[in-house]
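Numbering (the working numbering), first residue to last: -12 to 453. C-beta atoms are modelled at their ideal positions from N, C-alpha and C, and glycine is treated no differently. For reference, the structure is listed below as structure tokens.
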């Protein structure tokens, strides 16, 4: 078939439901399986599924090449467990029944360009307006992602052009956001000695800090990190450590925990829509976050006596002679970021737009564009692992935060991250892979080491390009 509007070829195969006994091609030699074209592999998979009466969604989810690309060896083994397979099948059937459809196996319309160039797709009007504001209420309505094609298209377009967008109609209660904001200001209003009681160190990335480095340059901020291990805020890991909560303020923990849960739910919804935007089923990324390692960073940017100007170039400033940035240029490491920033505080967040795909090249040409917060909106940006999964179709944007001479600012990015064991690699349906496999736990460890101390070079996904 051909798409009605673009007239480009589209593959859409519908098969009937049945048993879930598909075992994929586990017995085949790996080198033979890798040499087989992706399109032929998928067609063979569907042909076998329809012959034996296997549900297409189950067959697709148990394809070794695809699940290994998402979950890595350990995650792949768990994903093939009968209980998880049953949950996947049940969810897929429920979604299809709600939409009145059969089970559909979709591929992307066409493979993405091997390189990304935002300035080639953004007009002067786009740059003047900044990243789009998208009402995602349809994603939360009956029918969910499957009945919200227009919203999915808007999100995919923004993720491709900008890597940034804002969302309204997100369903997060304003009362819980207000309680969170109040708790944040109450925490940072404490004296330094009190905050230092829960200061992070080289062995524990969770807790308070006021000495972070970005690109081996000191940031003008103080912050506290609170995160999950296997989805549990009470968990402990060898990679990130454990949460430290301030003493004498039990409502702080309650308000932050409630907010964390809202951010987790919103992130899952957004990832389902982004999966469809890549041509996959909406539940495609769900197994990746069964035991996630997401964390919430709560920032306070006090007034800075010597901030750099908003048109300061891409490179890092010399703090003694040129001034400070609140946060130096960087990309976020995980899959997706949901940012709380207030519209009535300084508009300090900037995204860099350039022709150069090397996100860490200091001499390239481009421009900084402000991301001005919309009242009641959350700001969303694609992160490194999603750029890897999407094979450069979605872009993790280079961004930074300006310091302000006169006014303080607060922000709270929620980093939606996979399990530490996850091996992240481009999806097999999106053309020849641009990246090799990236182990999330190792990538996260190396990124934290670069942020914590002025040692070595900060790890980037560009180092994994083929």
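Task: Endpoints, beta strand (DSSP E) assigned at residue 283 - done: 282 to 288
Task: residue 450, enclosing beta strand (DSSP E) - first and last residue - done: Premise fails: residue 450 is in no beta strand (DSSP E) and is neither H nor E.
Open item on the list: Given this structure, state the Cα-to-Cα distance separating residue 267 from residue 259, to the nearest angstrom.
Closed with: 9 Å
- [ ] Output the distance between the C-alpha atoms of residue 175 and residue 149, rounded to the nearest integer angstrom.
- [x] 32 Å
Task: Simplified DSSP state of residue 177, which is helix, strand or coil - done: When DSSP states are grouped into helix, strand and coil, residue 177 belongs to the coil group.
- [ ] Give the secondary structure of residue 411 by DSSP, where H, G and I count as helix, E and B as strand, and everything else as coil.
- [x] strand
Task: Close Cβ partners of residue 364 (< 7 Å) along its chain, the five nearest in sequence each way excluded - done: 120, 153, 154 and 155
Task: Cβ neighbours of residue 229 in the same chain (closer than 7 Å, five flanking residues each side left out) - done: Taken in chain order, the residues that qualify are 191, 193 and 223.
Open item on the list: Taking 9 Å as the threshold (C-beta atoms), are residue 254 and residue 325 in contact?
Closed with: yes
Open item on the list: Suppose contacts are defined by Cβ-Cβ distances below 9 Å. Is residue 249 in contact with residue 160 by that definition?
Closed with: Yes. Within cutoff.
Open item on the list: Mapping the DSSP letters down to three states, classify residue 129 as helix, strand or coil.
Closed with: Of the three classes helix, strand and coil, the one that applies to residue 129 here is coil, per DSSP.
Open item on the list: Need the endpoints of the beta strand (DSSP E) that residue 137 sits in, please.
Closed with: No beta strand (DSSP E) holds residue 137; the alpha helix (DSSP H) holding it covers 136 to 148.
Task: Three-state class that DSSP yields for residue 152 in the structure shown - done: strand
- [ ] Can you grab the Cα-Cα spacing for the pair residue 210 / residue 447, in whole Å?
- [x] Rounded to the nearest angstrom, the two C-alpha atoms are 23 Å apart.
Open item on the list: Considering just the uninterrupted stretch of the alpha helix (DSSP H) at residue 252, what are its terminal residues?
Closed with: That run of the alpha helix (DSSP H) goes 237 to 264.
Open item on the list: Quick check: is any heavy atom of the ligand FAD less than 8 Å from the C-beta of residue 322?
Closed with: Within the structure as shown, the ligand FAD is missing, as the structure has no ligands at all.
Task: Check whether residue 376 and residue 322 have beta carbons under 9 Å apart - done: yes
Open item on the list: So residue 395 and residue 287 are supposed to be a Cβ contact under 8 Å. How far apart are they, rounded?
Closed with: 7 Å
TODO: Tell me whether residue 225 is buried or exposed, calling it buried when 16 or more other Cβ atoms sit within 10 Å of its Cβ.
DONE: exposed
Task: Nonlocal neighbours in the same chain, by C-beta distance under 6 Å from residue 180, ignoring five residues either side - done: none
Task: Spatial distance of residue 271 from residue 200 (CA atoms) - done: 35 Å
- [ ] Tell me where the beta strand (DSSP E) around residue 374 begins and ends.
- [x] Looking at the DSSP string, residue 374 is not in any beta strand (DSSP E); the run it does join, the alpha helix (DSSP H), is 371 to 376.
- [ ] Taking only the alpha-carbon atoms, compute the straight-line gap between residue 138 and residue 414 and give it to the nearest angstrom.
- [x] 22 Å
Task: Endpoints, beta strand (DSSP E) assigned at residue 336 - done: 336 to 341
- [ ] Measure the C-alpha to C-alpha separation of residue 417 and residue 378 and round it to an integer number of angstroms.
- [x] 7 Å
Task: Boundaries (first-last residue) of the alpha helix (DSSP H) holding residue 267 - done: Element bounds for residue 267: n/a, residue is neither H nor E.
Task: Every unbroken beta strand (DSSP E) within the segment 190 to 214, with a cutoff of 3 residues, ordered by chain - done: 194 to 196 and 209 to 214
Task: Euclidean distance between Cα positions of residue 227 and residue 133 - done: Their backbone Cα atoms lie some 36 Å apart in a straight line.
- [ ] Tell me whether residue 313 sits in a helix, a strand or coil according to DSSP, three-state version.
- [x] coil
Task: Spatially closest choice to residue 125 from 118, 242, 157 and 411, by CA coordinates - done: 157
Task: Identity of the residue in 127, 116, 172 and 171 nearest residue 151 by Cα - done: 116
Open item on the list: Counting C-beta neighbours from all protein chains within 10 Å, is the total for residue 170 16 or more, i.e. buried, or is it exposed?
Closed with: buried
Open item on the list: Rounded to the nearest angstrom, what separates residue 486 and residue 212 at their Cα positions?
Closed with: The requested residue 486 does not occur in the structure, where the chain is confined to residues -12 to 453.
- [ ] Report the partner residues of residue 398 according to the DSSP bridge assignment.
- [x] 286 and 328
TODO: Using 10 angstroms around the beta-carbon of residue 34, count the other beta-carbons present and answer buried if the total reaches 16, otherwise exposed.
DONE: Summary for residue 34: the model assigns pLDDT 40, below 50, so the residue's position carries little reliability, and this model does not support an answer.
Open item on the list: Excluding the 5 residues flanking residue 291 on each side, which residues of the same chain have their C-beta closer than 7 Å to its C-beta?
Closed with: 207, 311, 390, 391 and 392
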